[in-house]
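Worksheet: the structure to be examined is printed underneath.
Number of protein chains: 2
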Amino acid sequence: MLNTDKNIQITLPIHQTSETIKKNERFQIDDFKKMIRSMGLKITDQRLLIMQCLHDGDKKSGDRHVTAQELYEKVSVKDSSVGFATVYRFLRDLAAHELVTEVRMGGQASRYELTPKEHHDHLTCTKCGKICEFENQKIEDLQAEVARHYGFQLTGHVLELFGICPNCQKS
Amino acid sequence: MLNTDKNIQITLPIHQTSETIKKNERFQIDDFKKMIRSMGLKITDQRLLIMQCLHDGDKKSGDRHVTAQELYEKVSVKDSSVGFATVYRFLRDLAAHELVTEVRMGGQASRYELTPKEHHDHLTCTKCGKICEFENQKIEDLQAEVARHYGFQLTGHVLELFGICPNCQKS
DNA sequence: CTTGCAATTGATAATCACTATCAGTATCAA
DNA sequence: TTGATACTGATAGTGATTATCAATTGCAAG
Chain Z
211 MLNTDKNIQI TLPIHQTSET IKKNERFQID DFKKMIRSMG LKITDQRLLI
261 MQCLHDGDKK SGDRHVTAQE LYEKVSVKDS SVGFATVYRF LRDLAAHELV
311 TEVRMGGQAS RYELTPKEHH DHLTCTKCGK ICEFENQKIE DLQAEVARHY
361 GFQLTGHVLE LFGICPNCQK S
Chain U
211 MLNTDKNIQI TLPIHQTSET IKKNERFQID DFKKMIRSMG LKITDQRLLI
261 MQCLHDGDKK SGDRHVTAQE LYEKVSVKDS SVGFATVYRF LRDLAAHELV
311 TEVRMGGQAS RYELTPKEHH DHLTCTKCGK ICEFENQKIE DLQAEVARHY
361 GFQLTGHVLE LFGICPNCQK S
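Note that the protein sequences, when read in sequence, are chains Z and U.
Be aware that the first sequence starts at 211, since it is given in the working numbering, and climbs by one per residue.
Be aware that the second sequence starts at 211, since it is given in the working numbering, and climbs by one per residue.
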């Protein structure tokens with residue numbers, strides 16, 4: 211059986227004080243509820259938990275881009291009764307409403323992240339894997355122009371620059 | 211049984227004169243053989259046929275970006291004994307050696323094209339999978355500027371625009 | 001040319017990511 | 001509280017791609 215709203219904090223790491231937890235989590239949960247409602251969906255414990263896991267991301271690696279499977283596993287740790295169909299379904303809904311951003315790269319499964327408030331692209335070092343996020347309005351404008359030229363209604367883009375970072379250029 | 215090297219031109223469109231065919235095809239075949247050898251693979255009739263079909267592309271739509279299935283069907287028309295495993299396998303080898311470029315996007319199957327000499331980016335329809343190629347020097351310049359700004363030595367990039375094509379906007 | 005053997009092939013089964021189905025369950029407006 | 005309706009989890013199904021393996025073939029060495 212799932213936790214109800216008022217005791218969802220028991221799924222959080224033990225070392226945090228319950229004070230901190232309540233304050234932080236309460237804020238996020240309300241936020242999540244708004245997002246779910248904005249899609250015209252009902253609020254369920256499963257969906258809140260999925261959003262929480264999406265939001266937390268992979269704390270170890272610091273990577274917010276998660277596959278559906280990985281997300282399902284994260285969710286399972288906190289509540290093993292949640293089925294993966296629910297995770298996939300909800301992720302699809304979130305992506306359709308652009309509340310999460312889907313990135314699919316050759317061969318691999320799709321990766322998802324909560325759509326960041328400010329858009330950014332990536333500049334990745336091919337040696338050390340370091341990622342710089344950047345934002346360039348001129349490039350965005352030109353992209354829109356290109357799409358318009360071909361009569362496309364632009365819905366998204368992937369811009370990844372690859373290079374050698376300053377550090378790796380030395381060695 | 212597969213055609214041998216010396217009569218492979220029988221698979222070409224009938225309306226071309228055999229003179230034209232021999233000249234054009236001879237050139238391409240030698241070219242293809244070089245590419246296959248450069249990967250350290252053996253030259254087989256199947257592989258030559260696959261490359262030929264890849265090169266010819268979809269003459270009707272003018273789209274060179276083909277899925278593995280579509281390519282398999284093209285190949286099958288010319289020689290129905292070629293298995294689809296062979297097509298997939300060879301396509302994977304070609305992609306690994308960057309002789310073909312793979313474009314994969316949300317939900318749909320991968321599309322492949324012989325890696326073009328001149329660089330271009332893609333504008334992909336998320337509904338039907340149609341791909342438009344474009345080239346925009348201003349965007350390239352801005353990318354270089356961004357990289358310079360972060361002290362990166364730029365080595366490559368991926369720019370994929372996603373949207374709804376004019377056709378799919380109607381329905 | 002033969003020949004030998006490793007590379008290649010095609011058929012098939014398996015896998016992988018994802019989706020549809022459906023009976024049971026939970027949400028929430030009234 | 002309640003009932004229509006949305007949601008859920010289990011399961012089976014799909015479509016693209018990959019692994020397996022016995023039979024075949026390319027090609028280099030003789």
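Glycine included, every Cβ here is placed at the ideal spot set by N, Cα and C.
Keep in mind that this is a model prediction, so the values were computed, not measured.
- Boundaries of the alpha helix (DSSP H) around Thr-296(Z): 294 to 306.
- With respect to chain U, the C-beta atom of His-367(Z) has a partner C-beta closer than 7 Å.
- Per DSSP, the unbroken alpha helix (DSSP H) holding Ile-260(Z) starts and ends at 255 to 266.
- Pairing Gly-373(Z) with Leu-364(U) gives a Cβ-Cβ distance under 7 Å.
- Under the 10 Å beta carbon count, Gln-279(Z) is surrounded by fewer than 16 other beta carbons and is classified as exposed.
- Secondary structure note for Gln-318(U): it is in no alpha helix (DSSP H), with a DSSP letter that is neither H nor E.
- Contact between the segment 332 to 347 of chain U and the segment 317 to 334 of chain Z is absent, with fewer than three C-beta pairs closer than 8 Å.
- Interface flag for Glu-370(Z) against chain U is set, since a Cβ pair is found closer than 7 Å.
- Listed along chain U, the residues sitting closer than 8 Å to Phe-362(Z) by beta-carbon distance are Leu-333, Cys-335, Cys-342, Leu-371, Gly-373, Ile-374, Cys-375 and Pro-376.
- Taking the beta carbon of Lys-348(Z) as reference, the chain U residues within 7 Å of it are Leu-352, listed in sequence order.
- The contact set of Gln-238(U) on chain Z, defined by CB atoms closer than 9 Å, is empty, because the minimum CB distance reaches about 27 Å.
- At a cut-off of 7 Å, the C-beta of Ala-319(Z) has no neighbouring C-beta in chain U.
- For the segment 281 to 295 of chain Z, no residue has a beta-carbon sitting nearer than 7 Å to a beta-carbon of chain U.
- Counting the other Cβ atoms within 10 Å of the Cβ of Ala-295(U) gives fewer than 16, which makes it exposed.
- Taking CB atoms only, Gln-379(U) has a neighbour in chain Z less than 7 Å away.
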